[in-house]
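Novice: Have a look at this one.
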Amino acid sequence: MTMLSLFIILISAFFVQNFQSNSLDLYYDEKVYWISSSKPPCLHPGQPIFEWPTDPRCSQYHTVHSDQISVDESGWIYAKQKLCFYFTFVLIDYSIECEHKQFSGRFKIGHPMFSKSQRYKRWIRRRNPDPNTILFKQSSYIRELLESAAPGTLVETVNATHVAGQPIYYSLAIPQDSRSQNMFFLDTITGEIRLAKSLDREVLDKHVLKVTAYERLDRTVSSSATVIVNVLDVQDNYPVFERDSYFADIREDAPVRIQFSTIFFLLIPLRPKIQ
């Protein structure tokens, strides 16, 4: 019985020592790490934050694991989930492995414009505290294009920028007349709008297009601009005679102002017969 008790005590001591050697040593950094003031109040997955702050226990940042952030090989931190700084700070919990030991830690991230409590009343009065993340150089574009323009002609190049430098892409919609559908095509990367089909001013003299720029990582972040294409007329409806020549026999005693022939000509391509 004595031997059994001694064996149990030794086993217990071994597991306690092993647990203590592998337990997570929590390190809480009281310092606030501020992100750039140009960044939006909410960071979305994939957006860069800043460089990894040094953990005094371990410098091997490539072994960092967290549900909130990720660290690349260069030591740059990226958001793994949406992080918002409205009147608050974000606590980042992480674990790091160093020399076969695992440590846990926590540090605080703040936004210099949105995290400070003294700005609470000022921002709460605003209906929409979100700044416009994606900005077009112009809210609307107006272009004139001859109806004789060939398919492939460059109509306009729209340009938008993301305040945080995130990649964006463009999409094209027809908000008004369905006759503008498939008349233009858009390069989703460069923002170039080109003519896809031949124009006809007699069918439609104005095309209204809506171009929307989206953030690649989050489609809810977007902005739109309007492109108006006015079609200019080309004198292609010239009159054409029905016949190349006309002949008439007139008596010499015919009265003055007598009608001896009627000449018809046509308008191309509508072809209404006129005198």
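Mapped onto mature numbering (1 follows the signal peptide of the UniProt record, and there is no 0), the consecutive letters of the sequence shown carry residue numbers -21 to -1, 1 to 254.
Glycine residues also receive a C-beta, built at the ideal position from the N, C-alpha and C atoms.
Fair warning: this is a prediction, and the values are worked out from it, not measured in the lab.
Using only the alpha-carbon positions, how far apart do ALA58 and ILE172 sit?
Specialist: Residue numbering aside, residue 58 sits at position 79 when the sequence shown is read from its first letter. Residue numbering aside, residue 172 sits at position 193 when the sequence shown is read from its first letter. Approximately 34 Å between the Cα atoms of the pair.
Novice: Tell me the DSSP bridge mates of THR136?
Specialist: As a position in the sequence shown, residue 136 is number 157, starting the count at 1. DSSP output for THR136 lists GLU171 as bridge partner(s).
Novice: Could you say which of GLN160, VAL43 and HIS79 lies nearest to ASP72 if we only look at CA atoms?
Specialist: Against the sequence shown, residue 72 aligns to sequence position 93. The shortest C-alpha separation from ASP72 is found at VAL43.
Novice: Excluding the 5 residues preceding and the 5 following GLY131 in the sequence, name in chain order all residues of the same chain whose CB lies nearer than 7 Å to its CB.
Specialist: In the sequence shown, residue 131 corresponds to position 152, counting from 1. Closer than 7 Å at Cβ, skipping near neighbours: ARG173 and LEU174.
Novice: Whole angstroms are fine: how far does the CA of PHE115 sit from the CA of ALA204?
Specialist: By one-based count along the sequence shown, residue 204 stands at place 225. By one-based count along the sequence shown, residue 115 stands at place 136. Taking the straight line joining both Cα atoms gives about 7 Å.
Novice: Leaving out five residues before and five after residue 310 in sequence, what residues of the same chain have Cβ atoms less than 6 Å from its Cβ?
Specialist: Outside the modelled stretch of the chain, which goes from -21 to 254, sits residue 310, for which no answer is possible.
Novice: Provide the residue(s) that pair with TRP55 in DSSP beta bridges, ordered along the chain.
Specialist: The residue given as residue 55 occupies position 76 in the sequence shown. Answer is GLU30.
Novice: I believe LEU151 touches VAL200 by the beta-carbon criterion, under 8 Å. Please report the beta-carbon distance rounded to the nearest angstrom.
Specialist: Numbered from its first residue, the sequence shown carries residue 151 at position 172. Numbered from its first residue, the sequence shown carries residue 200 at position 221. About 18 Å; that fails the 8 Å criterion.
Novice: Quick one: what's GLU123 bridged to in DSSP?
Specialist: Indexing the sequence shown from 1 puts residue 123 at position 144. Answer is ASN209.
Novice: With distances taken Cα to Cα, identify the nearest neighbour of GLN26 among SER53, ALA143 and HIS79.
Specialist: For the purposes of this step, residue 26 is taken as residue 47 along the sequence shown, with counting starting at 1. Of the candidates SER53, ALA143 and HIS79, the one whose C-alpha sits nearest the C-alpha of GLN26 is ALA143.
Novice: Using the Cβ count rule (16 or more neighbours within 10 Å means buried), how would you classify LEU165?
Specialist: In the sequence shown, counting from the first residue as 1, residue 165 sits at position 186. Residue burial is scored here from C-beta neighbours: LEU165 has at least 16 other C-beta atoms within 10 angstroms and is therefore classed as buried.
Novice: Taking DSSP as the reference, what is the three-state secondary structure of SER94?
Specialist: To locate residue 94, count along the sequence shown from 1; it is residue 115. Three-state DSSP puts SER94 in coil, outside helix and strand.
Novice: Spatial neighbours of ARG101 within its chain, please: CB distance less than 6 Å, with the 5 preceding and 5 following residues excluded, ordered by chain position.
Specialist: Mapped onto the sequence shown, residue 101 falls at position 122. Reliability fails at ARG101, whose pLDDT of 45 lies under 50, so the model's placement of it is uncertain and no value is given.
Novice: Identify every residue that forms a DSSP beta bridge with ILE191.
Specialist: Start at 1 with the first residue of the sequence shown, and residue 191 comes out as number 212. Looking at the sequence itself, residue 191 is Thr, so the reference to Ile does not match. Residue pairing by DSSP places THR191 opposite SER150 and SER203 in a beta bridge.
Novice: So is PRO19 buried or exposed if we call it buried at 16+ other beta carbons inside 10 Å?
Specialist: Within the sequence shown, the letter at position 40 stands for residue 19. Per the 10 Å Cβ criterion, buried.
Novice: Considering just the uninterrupted stretch of the beta strand (DSSP E) at ASP223, what are its terminal residues?
Specialist: Reading the sequence shown from its first residue, position 244 is the one you call residue 223. Careful: ASP223 lies outside any beta strand (DSSP E) and carries neither H nor E.
Novice: Report the partner residues of LYS185 according to the DSSP bridge assignment.
Specialist: Position 206 of the sequence shown, counted from the first residue, corresponds to residue 185. DSSP lists ASN209 as partners of LYS185.
Novice: Cβ atoms of HIS79 and ILE14: under 9 Å apart, would you say?
Specialist: Residue numbering aside, residue 14 sits at position 35 when the sequence shown is read from its first letter. Residue numbering aside, residue 79 sits at position 100 when the sequence shown is read from its first letter. For ILE14 and HIS79, no; Cβs fall outside 9 Å.
Novice: Shortest alpha-carbon distance to SER126 belongs to which of ASP228, LEU188 and LEU178?
Specialist: Counting from one through the sequence shown, the residue named residue 126 turns up at place 147. This sequence places Glu at residue 126; Ser is not what is there. The residue with the shortest Cα to Cα distance from GLU126 is LEU178.
Novice: Could you pull the start and end residues of the beta strand (DSSP E) that GLN81 belongs to?
Specialist: If you number the sequence shown from 1, residue 81 lands on position 102. Counting along the chain, the beta strand (DSSP E) containing GLN81 begins and ends at 80 to 89.
Novice: Compute the distance between the beta-carbons of TYR148 and ARG195, then report whether it is under 9 Å.
Specialist: Numbered from its first residue, the sequence shown carries residue 148 at position 169. Numbered from its first residue, the sequence shown carries residue 195 at position 216. Yes, the pair counts as a contact, with Cβ atoms nearer than the cut-off.
Novice: Pull up the distance between the alpha-carbon of GLY170 and that of SER118, whole angstroms please.
Specialist: Walking along the sequence shown from the start, residue 170 turns up at place 191. Walking along the sequence shown from the start, residue 118 turns up at place 139. So the alpha carbons of these two residues sit roughly 14 Å apart.
Novice: So what does DSSP say about ASN107, is it helix, strand or coil?
Specialist: Reading the sequence shown from its first residue, position 128 is the one you call residue 107. Here the model assigns ASN107 a pLDDT of 44, short of 50, so the residue's position is not dependable, and the following value carries that caveat. Three-state result, ASN107: coil.
Novice: When the Cα atoms are used, what is the spatial distance from TRP55 to PRO32?
Specialist: On the sequence shown, residue 55 is found 76 positions in, with the first residue counted as 1. On the sequence shown, residue 32 is found 53 positions in, with the first residue counted as 1. Near 10 Å, if we compare the C-alpha coordinates of PRO32 and TRP55.
Novice: Does the Cβ of GLN155 have 16 or more other Cβ atoms within 10 Å, making it buried, or fewer, making it exposed?
Specialist: Counting from 1 along the sequence shown, the entry for residue 155 is found at position 176. Counting Cβ neighbours within 10 Å, GLN155 comes out exposed, since fewer than 16 surround it.
Novice: Taking ALA128 as the reference, give the member of PHE163, ILE113, VAL137 and SER16 with the closest Cα.
Specialist: Locating residue 128 in the sequence shown gives position 149, counting from the first residue. Per the Cα distances, PHE163.
Novice: When you compare each of SER16, SER17 and ILE88 to LEU62 by their alpha carbons, which one comes out closest?
Specialist: Here the question's residue 62 lines up with position 83 in the sequence shown. If we check each option's Cα against that of LEU62, ILE88 comes out closest.
Novice: Keeping to the same chain, check which residues put their C-beta closer than 8 Å to that of SER202; ignore five residues upstream and five downstream.
Specialist: Numbered from its first residue, the sequence shown carries residue 202 at position 223. Around SER202: ASN111, THR112, ILE113, LEU114, PHE115, ALA139, THR191 and ALA192.
Novice: Could you check where the beta strand (DSSP E) with GLU76 kicks off and where it finishes?
Specialist: Here residue 76 refers to the residue found at position 97 when the sequence shown is read from its first residue. Element bounds for GLU76: 69 to 77.
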